[in-house]
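Residue numbers (the numbering used here), protein chains in the order written: chain A, 1 to 264; chain B, 265 to 528; chain C, 529 to 792; chain D, 793 to 1056.
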């Protein structure tokens, strides 16, 4: 009969085996990212930030990334759309600044499962096009069962160089990702497990371009997107007051796979 | 700021809202299923059954289902491959007979997330072809990123009628699905949450055919299937001694969405 | 060395072999179809009808079909969106009434190739969702690389019965599909091959429902749909003056695969 | 009513418009290619080479390519598997050496249609994985509806430099692709159009690596791959006597889109 080993970590199904817990395990991958940030209405955005966090700026950060040569996927790849807001966590023990993850769409299920269950990143599925590139134009489309709900467009205006590149490298080298790991009770309302998790991440930027970025959310009906429509419509209702950043980066990411911790 | 409501149930991301917990909520869907069961080697199979369970018969039950007109997906659909073994749970409080779920592959992510997090069904992703039908032949192929790892074939030999149909209807009307909800610790080995869950399910069989069923597992390398190869290879290594059942059913399923409970 | 046989018919690549030409070859499949017809502006629609044809009514017929249990695909399946207009062909030899095929989208490539090269049906690729069904509501979405360009919705209001069903059966039993087989010159403007083709088709309607049908075309930019945007935008520019028919049918189709002929 | 313009070139559907024939039109794209060539049995391979051609060497050339930033697809991308053999065409007017295209699989339909109808390249559909990369290992899988029929693996052993790189650049700079454009008669056996087409292509190699390449064809049943099984099985039956080349290249391609011509 199967018995889990006390020095192992598992994901469902656990009974086929897991891996020895290795605090030094590294996730390595190449990354192409298009980040567009915008100012929105503070009060509306705060509706989606849990108590215990302080919204540091009324800003939504949306970024497309294509990850390739992913070591734990044996060189496979996936795309994601990350949506976050800058916050400070005021806990009893911890006080941390970081990016609170509102939602992440990914086009592969395996990283969705690990992200949710290991680090509380609220990942869900969407079809995410690789960047269509007609230099200096870049575009992607995000959809669910054929229904477009987000488009991102970018026109590069110049490479980031010298001091600006160094500043950008420093910005991306260390980022505090904050998630809310929530598992419901079985057969009852409320949470069986509810934890805020800090997952320090980082990217080695190799090159970057700035430019003009635009994005467009399209509201969805339940018939178009039965399990995500309210998430999309919440985001679509946040006004885009001003685009604050639009940058395209290439680089590598090295993450401590087991480097997350619960914050309290 | 967002505060979860105590009478609601949530899935990640929780902060965009959940649903009032409704013990009477019903999952309704149409179902076409091809079930093939086979006898295997007891000792090998027992490696994958957790302590606390007794293997009632050295049998693997593999079933393909296509669910359509799914109410919570607003009429959408998905396919699954369910792999289970007949067990008895010997708990301190509970003693239950049911089908212990070894693994489930599904071709949509939304039901994978709910199944794992709400009821401990170890669902993972695969591409699952709709049945190819050249009556009386039926076939499906299951693959991951283009790598075939399971094929199922069925040749119908006759409709199930009269008393046999009644018996089959009774068999499918109530099935105890057993899962192991396991969520790992953050930043440490071992489980943050580990529970066995009983999820009574059932299907109203409308019609059924028996026939000759065959299936074939194909071993995978890590390069072909980086996160599932060891699961597939474990199943592929279980000998198919004798096919014990091969039946194709059509019907409807009505599940109490919130009808699962933790067993101890 | 390979030599084609004079009694065979081939598709590219021809050198791996073809099939003996069999005038009695039958394409058999099951079909679920949602047909929505609408009146539009005559002059605009006539822009897309070649000289030699007369537009019999300023009407666009759009139909979704899901074909299953397709014999030449060994029981496989695909979905299509057919767009046609009622015409009369005035040739030197032939005078034929039928449905001139403006464009067909299909979600599998194999039938696209045969349709284009064997019978001049202008098939191109799109992602076409299976019907989402929340009775009495039915919906589908058509998209290209994540960009929605057509949605169809239907609310059934009642079954077609008795004399109405007989009339519908007669209408669907025999339909003259008209296509324009056009193959360009290599290295020069103009056609190497340009023929109008009549392909008599038919469907055995088993059951039908009438209802309220709506559809919506969404204009596309070249960046969203580089090779089809002008087709979609041409159709989107045709006003929907009045929906003239909305009917959902179930049945079987039996086609003479080799029953098409060039009309002159 | 629609009339084609004599200075335009069209693809079906022609009636929505075409493009002015421009002999200088350029197809531009980036390309990553893995080419593996192997010696096989002359007599078996000759079965698939049409009369009029001479097989110059009993060699099969299989290459995976990923094309990105494709100008005519507005920056989109697709993958292909090209299978060819080295031949000399002995025509009444033309004598040309080149690569006779046995079959090409592509994972997008748009280039399939153009390739077949404009230049006689026998393109058909398959799912083709992007390269999975765990340096120095590269792998791809080719499948149809979940059924794997080709895998390619490559282990890079070193960069191509200096004179070797110059030689490789020269080899890739100009390649004579030869196709057989074949369109069947409607309603009768035989060809309505049968032409051999020369399409000079080329790639600007920027960097290259040599290594150890392996590939494996897997035979398919009609149920697994109803319209291609005989093509795959013909190729799978050709023995791999010796791998003669395995090279991974990065570069750009610039093709004269209208630069093909019929050879006689």
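Here a beta-carbon is modelled for each residue, glycine too, at the ideal position from N, C-alpha and C.
Residue i - DSSP class collapsed to helix/strand/coil
{"i": "residue 837 of chain D", "result": "helix"}
{"i": "residue 1029 of chain D", "result": "coil"}
{"i": "residue 664 of chain C", "result": "coil"}
{"i": "residue 818 of chain D", "result": "strand"}
{"i": "residue 387 of chain B", "result": "strand"}
{"i": "residue 1060 of chain D", "result": "Summary: the structure shown does not reach residue 1060 of chain D, with chain D confined to residues 793 through 1056, and so no result is reported for it."}
{"i": "residue 111 of chain A", "result": "helix"}
{"i": "residue 979 of chain D", "result": "coil"}
{"i": "residue 548 of chain C", "result": "strand"}
{"i": "residue 494 of chain B", "result": "helix"}
{"i": "residue 165 of chain A", "result": "helix"}
{"i": "residue 948 of chain D", "result": "strand"}
{"i": "residue 257 of chain A", "result": "coil"}
{"i": "residue 323 of chain B", "result": "strand"}
{"i": "residue 846 of chain D", "result": "strand"}
{"i": "residue 644 of chain C", "result": "helix"}
According to DSSP, residues forming a beta bridge with residue i
{"i": "residue 263 of chain A", "result": "A/196"}
{"i": "residue 862 of chain D", "result": "D/868"}
{"i": "residue 175 of chain A", "result": "A/201"}
{"i": "residue 797 of chain C", "result": "Residue 797 of chain C is absent from the structure shown; chain C starts at 529 and stops at 792."}
{"i": "residue 480 of chain B", "result": "B/415"}
{"i": "residue 1042 of chain D", "result": "D/824, D/999"}
{"i": "residue 509 of chain B", "result": "B/301"}
{"i": "residue 97 of chain A", "result": "A/88"}
{"i": "residue 973 of chain D", "result": "D/987"}
{"i": "residue 537 of chain C", "result": "C/547"}
Any C-beta of chain D under 9 Å from that of residue i
{"i": "residue 134 of chain A", "result": "yes"}
{"i": "residue 139 of chain A", "result": "yes"}
{"i": "residue 644 of chain C", "result": "yes"}
Chain C within 9 Å of residue i, Cβ atoms only
{"i": "residue 984 of chain D", "result": "yes"}
{"i": "residue 967 of chain D", "result": "no"}
{"i": "residue 479 of chain B", "result": "no"}
{"i": "residue 467 of chain B", "result": "no"}
{"i": "residue 428 of chain B", "result": "no"}
{"i": "residue 818 of chain D", "result": "no"}
{"i": "residue 339 of chain B", "result": "yes"}
Residues near residue i in its chain [Cβ-Cβ closer than 6 Å; skip 5 each side]
{"i": "residue 664 of chain C", "result": "683, 684"}
{"i": "residue 561 of chain C", "result": "591, 593, 777"}
{"i": "residue 289 of chain B", "result": "521, 522"}
{"i": "residue 732 of chain C", "result": "779, 780"}
Close Cβ partners of residue i (< 8 Å) along its chain, the five nearest in sequence each way excluded
{"i": "residue 356 of chain B", "result": "528"}
{"i": "residue 718 of chain C", "result": "712"}
Through-space distance from residue j to residue i, alpha-carbon basis
{"i": "residue 323 of chain B", "j": "residue 116 of chain A", "result": "33 Å"}
{"i": "residue 751 of chain C", "j": "residue 689 of chain C", "result": "47 Å"}
{"i": "residue 798 of chain D", "j": "residue 716 of chain C", "result": "10 Å"}
{"i": "residue 836 of chain D", "j": "residue 1036 of chain D", "result": "18 Å"}
{"i": "residue 971 of chain D", "j": "residue 768 of chain C", "result": "44 Å"}
{"i": "residue 372 of chain B", "j": "residue 385 of chain B", "result": "15 Å"}
{"i": "residue 603 of chain C", "j": "residue 347 of chain B", "result": "25 Å"}
{"i": "residue 998 of chain D", "j": "residue 823 of chain D", "result": "10 Å"}
{"i": "residue 286 of chain B", "j": "residue 70 of chain A", "result": "41 Å"}
Residue i at chain A interface by Cβ criterion, 9 Å
{"i": "residue 922 of chain D", "result": "yes"}
{"i": "residue 557 of chain C", "result": "no"}
Cβ of residue i within 9 Å of any chain B Cβ
{"i": "residue 597 of chain C", "result": "yes"}
{"i": "residue 940 of chain D", "result": "yes"}
{"i": "residue 934 of chain D", "result": "yes"}
{"i": "residue 1016 of chain D", "result": "yes"}
Nonlocal neighbours in the same chain, by C-beta distance under 7 Å from residue i, ignoring five residues either side
{"i": "residue 968 of chain D", "result": "888, 889, 890, 891, 990, 992"}
{"i": "residue 278 of chain B", "result": "268"}
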